[in-house]
Amino acid sequence: MIITTGDRPLTEVAARAERLAERLGVPYAPRGNQSITKLFSRYEGEILVVLLEGTRLLRPGRPQLQFHPSMGFVRAKRVLKGEGDPMLEAAGMAPGDSVLDCTAGLGSDALLFAVRGGERSRVTALESSLPLYALLAEGMASYASGIGEVDAALRRINVVHSDHRSYLASLPGDSVDIVYFDPMFREPLEDSAAISPLRAYANSDSLAPGSVHEAVRVARKAVVLKEKRGSGEFSRLGFAEQLRPGAKTSYGVIRIDDRS
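For reference, each letter of the sequence shown is one residue, going 217 to 476 in the numbering used here.
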């Protein structure tokens, strides 16, 4: 992977891109008059393009992936209006709660947790794919939604490049209020311009029982799993499915107070 910018970047954007490359230990390629095609011919792997307000991830033969909170932005606006959200309700999240999002993706769910949690909450989002981590970390730091509360929530999220199993194992017991999993569905429910390109980069491994065991050890309030409605993953991993009328997805919950 390399880091570059768009055409004729502002000095501050080029500086951000160079700092990101240094932090990740990957090459920084000043754009100059080079086309993306030319950059692909000179470097192997993905190209992360740092923009004034966001990031874009490119790979030969794949659709581009641009950072955008997608439906997370729509849901965040509803939460700011005082409306409910099924994920937050399943998690039993209260303002100030800490959350570990083990499968960050494009950060839509982490954004919801940060909005509901407010300034006193601590939301950590894990991403094991380095290209996705770079897209997410830089995107959350620079994306401008036009709503101050949403942008502030994005900036509060601590994005960490790590697989969830090793990160969970490093934490002391009862150290996070809520642990959340949203693994990539084996078969997509529907095509989505925001989600479909994500499949080229995201970790497609199924969730392991050992990860759930570690999550239960770490969580103080609940461990939550998002899956297809009626998925056998809920029973396989020990979650109580919370059915929602008419919904294609469900949330499974392990309440820590219910542990035997």
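Even for Gly, the Cβ is constructed at its ideal location relative to N, Cα and C.
Taking the Cα of V229 as reference, the smallest distance to any Cα among R371, A357 and A456 is reached at A357.
By the Cβ-count criterion, R239 is exposed, with fewer than 16 other Cβ atoms from all chains shown falling within 10 Å of its own Cβ. With contacts defined as CB atoms closer than 8 Å, G323 and A350 fail to qualify as a contacting pair. Rounded to whole angstroms, the separation of the alpha carbons of I363 and A353 is 19 Å. The stretch 283 to 290 and the stretch 308 to 318 do not touch, with fewer than three beta-carbon pairs separated by less than 8 Å.
Here the C-alpha atom of P388 lies approximately 6 Å from the C-alpha atom of V434.
Here the stretch 324 to 341 lies against the stretch 285 to 299, with 3 or more beta-carbon pairs under 8 Å apart.
An exposed status is given to V290, since fewer than 16 other beta-carbon atoms sit within 10 Å of its beta-carbon. In the assembly as shown, D398 is a buried residue. Its beta-carbon has 16 or more other beta-carbons within 10 Å. Rounded to the nearest angstrom, the Cβ distance from V440 to Y467 is 6 Å, consistent with a contact under 8 Å. In the DSSP annotation of this structure, the continuous segment of the alpha helix (DSSP H) that includes Y349 starts and ends at L346 to S358. For the pair V392 and E365, the Cα-to-Cα distance works out to about 23 Å. Unbroken alpha helix (DSSP H) stretches of 4 residues or longer found wholly inside the stretch 365 to 407: 380 to 386, given in chain order.
Residue range G270 to L274 is occupied by the beta strand (DSSP E) that includes L274. Approximately 11 Å separates the beta-carbon atoms of I218 and P246; this is outside 8 Å, ruling out the contact. In the DSSP assignment, Q458 is bridged to Y467. Between the C-alpha atoms of R272 and V265 there is a straight-line separation of about 5 Å. The C-alpha of D421 lies about 16 Å from the C-alpha of L348. With contacts defined by Cβ atoms closer than 8 Å, A463 and R445 form a contacting pair. Excluding five sequence positions before and after H377, the CB atoms of its chain that fall closer than 7 Å to its own CB belong to E343, L346 and Y349, given in chain order. A direct Cα-Cα distance of roughly 10 Å separates A233 from P225.
Y396 is positioned such that its CB atom lies closer than 8 Å to that of D325. A320 has its alpha-carbon roughly 17 Å from the corresponding atom of S337. For T227, the uninterrupted alpha helix (DSSP H) segment begins and ends at T227 to L240.
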